[in-house]
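Q:
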Amino acid sequence: MSRDASGKILDFDLESAAAWFYRAAEQGHAGAQFNLGLMYAEGQGVPKDSAKAVELFTKAAEQGNVDAQNNLGVMYFVGEGVSRDVNKAKQWFEKAAAQGNEEAKGNLEALQNAGS
């Protein structure tokens with residue numbers, strides 16, 4: 007169950023969630039930038055837009071959001087929304103792994119084992 011700023015109960019729907027995340031993301035909230043990025047990456051509540059997802063993940067990642075750092079690494083590794091760049095993928099995985107993100111540690115290990 008969600009509530010707006012006045013406490014009114016809101017029906018949950020992805021479009022409303024995207025609108026609220028958008029408002030918070032515009033104010034620089036890293037968690038909202040990450041969540042809205044996920045929505046764009048998956049096309050949930052908004053049209054699928056991998057480039058927009060990368061833009062939002064980058065904003066959140068630059069503020070230290072470890073999940074955004076890991077997801078950005080994945081986007082660079084597979085070349086979704088950006089040109090494929092294994093070096094940038096590795097850099098983002100390293101940043102997230104250094105903060106304890108287990109998924110990033112696994113991604114970094116897989117990259118290293120593959121010789122990238």
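Taking the numbering used here, the leading residue of the sequence shown gets 7, the next gets one more, and so forth. Even glycine gets a Cβ: it sits at the ideal position worked out from N, Cα and C.
#1: Give the single residue among K96, N77 and N93 whose Cα lies nearest to the Cα of G87.
#2: Following the continuous alpha helix (DSSP H) through D91, name the residue where it begins and the one where it ends.
#3: Rank Q105, S89, Y28 and V84 by C-alpha distance to the C-alpha of V52 and give the top, closest one.
A: For this structure:
#1: For the purposes of this step, residue 87 is taken as the residue at position 81 of the sequence shown. Comparing Cα-Cα distances from G87 to each of K96, N77 and N93, the minimum goes to N77.
#2: Position 85 of the sequence shown holds residue 91. Element bounds for D91: n/a, residue is neither H nor E.
#3: Your numbering for residue 52 matches position 46 in the sequence shown. A check of alpha carbon separations from V52 across Q105, S89, Y28 and V84 identifies Y28 as the nearest.
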